[in-house]
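Participant: Numbers given in UniProt numbering equal positions in the sequence shown, counted from 1, plus 153.
Glycine is no exception: its CB is placed at the ideal position from the N, C-alpha and C atoms.
Sharing a structure here in structure tokens format.
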Amino acid sequence: TQSQTEISRLKNINRICFGKHVVDTWYFSPYPEEFTRLDTLFICEFCLEPVGTEFQLARHRTKCQVRHPPGNEIYRKGTLSFFEIDGRKQRHYCRNLCLISKLFLDHKTLYYEVDPFLYYIMTRTDERGMHILGYFSKEKQSNEDYNVACILTMPQYQRMGYGKLLISFSYELSLVEKKTGSPEKPLSDLGLLSYRSYWADTIIDLLMNCKSEINIQEISEQTSITTEDILHTLHSMEMLKFYRGQYIFYLSEKCVQQYEKNRAKKRERIDPSKLDWVPPK
Ligand code: ACO
Ligand code: ZN
């Protein structure tokens, strides 16, 4: 009934204790009922198992030996790594991951259906282990050519450029597959902001460094961004001008400023030469 759905949608966990971070949650997540009467949920940061108390977590940690996500490490540069995980082979881990991400996502409904997805986990290594920064999931077969189903930066690491690193990685995979891709719709507000910003950065970057003529199709081939997403970005950044009977790209002052601002940030980038991956069959 309607009222039951409403009740079940109420936020049921206030905060999670994850590694050395305590984080306030944003939304409801369908954790087993035993965990939902607690104020704080404790989660093992390596295997993602939830427990009810700090004491139980300490006990869990003495038994739990893993210090990195399951699956294959398919990228490593410095302390940044990516793991590829098959939802069908690591159901338990992936369900736990979905439960965590639901705490910060309001519009996705798939929590238990993990088999049709691959999961790409981004980690940072230190002396204690490989800590999850964020992840995205990707359908093994997408009829709509989505290259990301769900994307999350762990809240303690948000607004540091990791969302764009995840997005960039998803397009690197599409480049290897020789396909274009786009994120699954609908996007959240934060998802939309991040994608718009990534698309604009990528296109401006390409045009600023472009030595010869280029058209939208070629931008798409070089970036794996769909022509629709490119056109949308060009319009919103006012980068298309009608000149002598045809459209030309136009790098406004705003674009050049954004380009300079990004360079000044000296942000970490994905290095395609460090990707060790063939598309799964
Ligand atoms: N306010 C304003 N702008 C923001 C904000 C914010 N809170 N967060 C991100 N942005 C914009 C900025 O333009 C930023 O670029 P800039 O720093 O170069 O200006 C850009 O988005 C990306 O920022 P990042 O730091 O790279 O992204 P972050 O690591 O914070 O991750 C993400 C973005 C993944 C969307 C994160 O906010 C998140 O996990 N949100 C909760 C889950 C979610 O909504 N996921 C997307 C759902 S849609 C889907 O899954 C297909
Ligand atoms: Zn554990």
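Hey, would you say the C-beta of Asn167 is under 8 Å away from at least one heavy atom of ligand 1?
Facilitator: no
Participant: Are three or more beta carbon pairs between the region 287 to 295 and the region 313 to 320 nearer than 8 Å?
Facilitator: yes
Participant: Relative to the C-alpha of Leu233, which residue among Ile253, Pro203, Phe322 is closest?
Facilitator: That would be Phe322, whose Cα lies nearest to the Cα of Leu233.
Participant: Going by C-alpha distance, which of Phe171, Val409, Lys331 is nearest Thr206?
Facilitator: Phe171
Participant: Could you give the C-beta distance for Cys303 and Ser254, rounded to a whole number, given that I count them as a contact under 8 Å?
Facilitator: Yes, they are in contact, since the Cβ atoms of Cys303 and Ser254 sit about 6 Å apart, within 8 Å.
Participant: Would you report the Cα separation of Ile372 and Ala211, rounded to the nearest angstrom?
Facilitator: 51 Å
Participant: Using the beta carbon as the reference atom, which residues fall closer than 7 Å to any heavy atom of ligand 2, ordered along the chain?
Facilitator: Cys197, Phe199, Cys200, Glu202, His213, Arg214, Cys217, Val219
Participant: What is the rounded straight-line gap between the Cα of Pro222 and the Cα of Gly398?
Facilitator: 55 Å
Participant: Hey, out of Tyr180, Phe181, His213, Glu186, whose CA is closest to Ile196's CA?
Facilitator: His213
Participant: Express the C-alpha separation of Phe395 and Phe270 in angstroms, rounding to a whole number.
Facilitator: A straight line joining the alpha-carbon of Phe270 with that of Phe395 spans about 43 Å.
Participant: Taking the alpha-carbon of Glu421 as reference, which of Ile320, Leu328, Leu384 has the nearest alpha-carbon?
Facilitator: Ile320
Participant: Is Asn300 near Ser341, with beta carbons less than 9 Å apart?
Facilitator: At a Cβ-Cβ threshold of 9 Å, Asn300 and Ser341 do not count as neighbours.
Participant: Please classify Asp354: does DSSP put it in a helix, a strand, or coil?
Facilitator: helix
Participant: Could I get the ranges of all uninterrupted alpha helix (DSSP H) runs contained in the region 177 to 239, with 4 residues as the minimum, in chain order?
Facilitator: Correct list: 207 to 216.
Participant: With a Cβ-Cβ cutoff of 9 Å, do Leu326 and Pro432 count as a contact?
Facilitator: yes
Participant: Can you give me the start and stop residues for the beta strand (DSSP E) that Val301 sits inside?
Facilitator: Note, Val301: beta strand (DSSP E), 299 to 301.
Participant: Quick check on the DSSP output: the beta strand (DSSP E) that includes Ile166 runs from which residue to which?
Facilitator: No beta strand (DSSP E) holds Ile166; DSSP gives it neither H nor E.
Participant: Is it the case that the Cβ atoms of Lys230 and Lys419 are separated by a distance below 9 Å?
Facilitator: no
Participant: Under a three-way DSSP split, which group does Pro425 fall into?
Facilitator: helix
Participant: What separation, rounded to the nearest whole angstrom, lies between the Cα atoms of Met275 and Glu198?
Facilitator: 13 Å
Participant: Is DSSP giving Val175 helix, strand or coil here?
Facilitator: strand
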